[in-house]
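Under our numbering, the residues of the sequence shown are numbered 1473 to 1691, in order. By construction, the Cβ of each residue, glycine as well, lies at the ideal position given by its N, Cα and C atoms. Since we're looking at a predicted model, the values are computed, not measured. Structure first, commentary second.
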Amino acid sequence: MTPLRTAACALVSGGLDSGVLLHRLLAQGVLVTPLYVRCGLRWETAELYWLRRLLRALRHPRLDTLVVVHMPMVSLYGAHWAFAGRVPGTRSADRAVYLPGRNVLLLTAAAIQAARRQIPAVALGILAGNPFGDATPSFLRRFSACMSEALGHPVRVLAPLRRMSKTKTLRAGRGAPLGLTFSCLQPRGSRHCGRCNKCAERRQAFRRAGLSDPTAYAR
1473 MTPLRTAACA
1483 LVSGGLDSGV
1493 LLHRLLAQGV
1503 LVTPLYVRCG
1513 LRWETAELYW
1523 LRRLLRALRH
1533 PRLDTLVVVH
1543 MPMVSLYGAH
1553 WAFAGRVPGT
1563 RSADRAVYLP
1573 GRNVLLLTAA
1583 AIQAARRQIP
1593 AVALGILAGN
1603 PFGDATPSFL
1613 RRFSACMSEA
1623 LGHPVRVLAP
1633 LRRMSKTKTL
1643 RAGRGAPLGL
1653 TFSCLQPRGS
1663 RHCGRCNKCA
1673 ERRQAFRRAG
1683 LSDPTAYAR
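Structure follows, in structure tokens:
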């Protein structure tokens, strides 16, 4: 694996994809500043709890301190289940959990933070098969050019997992502390509910990867 020898502001949620993203960037020699954008979503307290545990476990000389940015989105999305209401269940389609334009908002926050810190790149854990317009290679290229012009600072967008399926992603992160990642839409305290779309996706991902699922589900 050829070291990238660069620095990146990495968008992290503490989920499986961002956990593997961190593991991979550090292994490639990237100086990583993890960034969490707090938007007011219902699962963020539990997510941050597990993210901090994950970062402590990943302790590494190239891993910087977590940056938390507050960017409330309830006024943008209105009466959306991500803030209140019924959460999509285990049989729901991926589109049911889509928040329109969320990557645009998160990447904008990351690009601004990168420019402020003179960091040349932002990274996120987009996987292969993501069907949404703000996850395509062409969008990421145009976003990079747009933000570089707007901020007067070159910002490259890294998506090192974008050719990998969920199964391959988990296998690639086999050495990472995946038991400290969190992916649930309706947590029970700090535990996975076991009944939402993301819990179902998580269980399936471990099963397909042939890995033991270390997650303690409430149900």
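The C-beta of Arg1614 has fewer than 16 other C-beta atoms within 10 Å across all chains shown, which makes the residue exposed. Under DSSP, the beta-bridge partners assigned to Pro1506 are Ala1482.
Distances from the alpha-carbon of Ala1529 to those of Arg1635, His1495, Asp1685 put His1495 closest. Taking a contact as a CB-CB distance under 8 Å, the pair Leu1497 and Ala1480 counts as one, their CB atoms being some 6 Å apart. By the Cβ rule, the stretch 1602-1620 does not count as touching the stretch 1637-1645, because fewer than three pairs are nearer than 8 Å. The DSSP-derived three-state label of Val1627 is coil. The Cβ neighbour count for Gln1590, taken over all protein chains shown within 10 Å, is under 16; the residue is labelled exposed. In this structure, Leu1483 sits near Leu1578, with a CB-CB distance shorter than 7 Å. When the alpha-carbon of Cys1665 is set against those of Leu1650, Thr1687, Arg1574, the nearest one is in Thr1687. Residue burial is scored here from C-beta neighbours: Gly1601 has fewer than 16 other C-beta atoms within 10 angstroms and is therefore classed as exposed. DSSP places Leu1520 in the helix class (H, G or I) of the three-state scheme. Residue burial annotation: Thr1537 is exposed, with fewer than 16 other C-beta atoms found within 10 angstroms of its C-beta. When the alpha-carbon of Thr1478 is set against those of Arg1663, Ser1485, Ala1568, Val1504, the nearest one is in Val1504. For the pair Ala1681 and Arg1628, the CB atoms are not nearer than the 7 Å cut-off.
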